[in-house]
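S.K.: The structure is given below, and queries will be raised subsequently.
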Amino acid sequence: MSLHKTIQSLFQSAVQNVVSHILDFTLRPGNDFTRNRKFPADKLISFLVTQGAASTRVEMLDFFGLDAAMPTSSAFRQQRAKLKPEALEDVFLSFNSSFFQLAPPQNHIADGYRCIAAGGSTVSFFSSRRFAADDYLVSEGHSSKGFYSLHINAFYDLDRNMYTGALLQPVHKKDEFRAFCSMADASRGPPSMKDIYIGDRGYCSYNNMAHIIENGQFFLFRTKDVLSKGLVGNFNLPKEGAFDKTVTVTLVRSHSRKIQIPDGNYRRFVGQAASFDYLEYGSDGTYTLSFRVVRLQLSDGSFECLVTNLPEEEFPPERLKTLYNARWAIETSFRDLKHTIGTANSYSKSPEYI
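Below, the structure is given as structure tokens:
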């Protein structure tokens, strides 16, 4: 069977898996999707996933093969209102699980590891206060009446070119740190492989590092240079040239003098406004983590800093540079997702239907 036929079959199986217990994904279990309709649950889910950039009516004509007896746009909206968003999430996870069990990709960025890029992108849609909360409203910019936006947080498998996790947030409640931790904790890769989570400067935080370490995985984050006031700016590190140094940090959430810090460790206070899920604010506990700070010289003579818990013997600086550069694939994937596939074209004024 050809690859596209295999993918189509896996998708249909994922849809049928959800339909087999559709009561778990309806707003009124026992009432919704119980009658014989022109738009049953399986066709509704397939249509939601495959619709393109044209109007709903045109997309339905294409989906139903120009059938004169096809359901109306109103029937589509009524059926869509019965389905919980979790139904599509379950299809996504079920399809990914099946697809991952196919033959592994021919080329791995890092043998024995699954490389996951973390990224985010914003999608705008037309709406009004009747349908969407002000958390989605963006008033400045191109429209005097404003427009509405949501933020897509995603994980992207760089070897398979597929998304492995997603979390949507209102644009004014965007929290990439929290989204990263939630998706990382829920991520389940093959037991035989470790995950490497690769993120830009927006993902470099002690809390994100701790979540990855607690899950037994690896991280590779870009951070501000040692000459800046970023996370690594106050370490006793060289101020010029390239280097690869390991630092050990003991985190505290209290200024109590009773807290003892081991010799050689850096003491770092995590304030109340910052998230750290493994120490309660005001407690006398500590949390210690070690990571490498790697400063690389770029071709233009400038420098860039990476932080990672990957082993130095297996991942020397030049390999880390190549590994981090592979992260760019998630940025181009967002372009394809929004404009080629058509995510930028919404079919609803209600964010829960987007």
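Quick note: the sequence shown uses my numbering, first residue -17, plus one each step. Each residue gets a CB set at the ideal place from its N, CA and C atoms; glycine is no exception. Just so it is clear, the structure is predicted and the values come from calculations on it, not from any experiment.
Compute the beta-carbon to beta-carbon distance between Ile91 and Leu271, rounded to the nearest angstrom, for a pair I have assumed lies under 8 Å.
M.R.: 25 Å between Cβ atoms; not a contact.
S.K.: My parser needs the beta strand (DSSP E) runs of 3 or more residues fully inside the region 95 to 158; what are they?
M.R.: 95 to 107, 129 to 139, 144 to 152
S.K.: Helix, strand or coil: which one does DSSP assign to Gln279?
M.R.: strand
S.K.: Could you tell me which residues DSSP pairs with Arg274 in its beta bridges?
M.R.: Thr228, Thr290
S.K.: Compute the distance between the beta-carbons of Ala69 and Val0, then report whether it is under 7 Å.
M.R.: yes
S.K.: Let me know if His193 comes out buried or exposed under the rule of 16 or more other beta-carbons within 10 Å of its beta-carbon.
M.R.: buried
S.K.: Here's a check: name, in chain order, each residue in its chain whose Cβ is nearer than 7 Å to the Cβ of Glu41, leaving out the five neighbours to either side.
M.R.: Exclusion of the five residues before and after Glu41 leaves Gln33, Gly34 as the residues of its chain whose Cβ lies within less than 7 Å of its Cβ.
S.K.: Taking the alpha-carbon positions, what's the Glu334 to Leu319 distance?
M.R.: 19 Å
S.K.: DSSP puts Gly181 in a beta bridge; with which residues?
M.R.: DSSP lists Phe203 as partners of Gly181.
S.K.: What separation, rounded to the nearest whole angstrom, lies between the Cα atoms of Asn135 and Arg170?
M.R.: 17 Å
S.K.: Give a yes or no on whether the C-beta atoms belonging to Gly128 and Glu158 are separated by under 7 Å.
M.R.: no
S.K.: Rounded to the nearest angstrom, how far is the Cβ of Met175 from that of Arg59, given a contact under 8 Å?
M.R.: Actually they do not touch by this definition, with Cβ atoms about 43 Å apart.
S.K.: Out of curiosity, what's the CA-to-CA distance linking Leu219 and Arg204?
M.R.: Using only the alpha carbons, I get a separation of about 16 Å.
S.K.: State yes or no: is the C-beta of Phe200 within less than 7 Å of the C-beta of Met165?
M.R.: no
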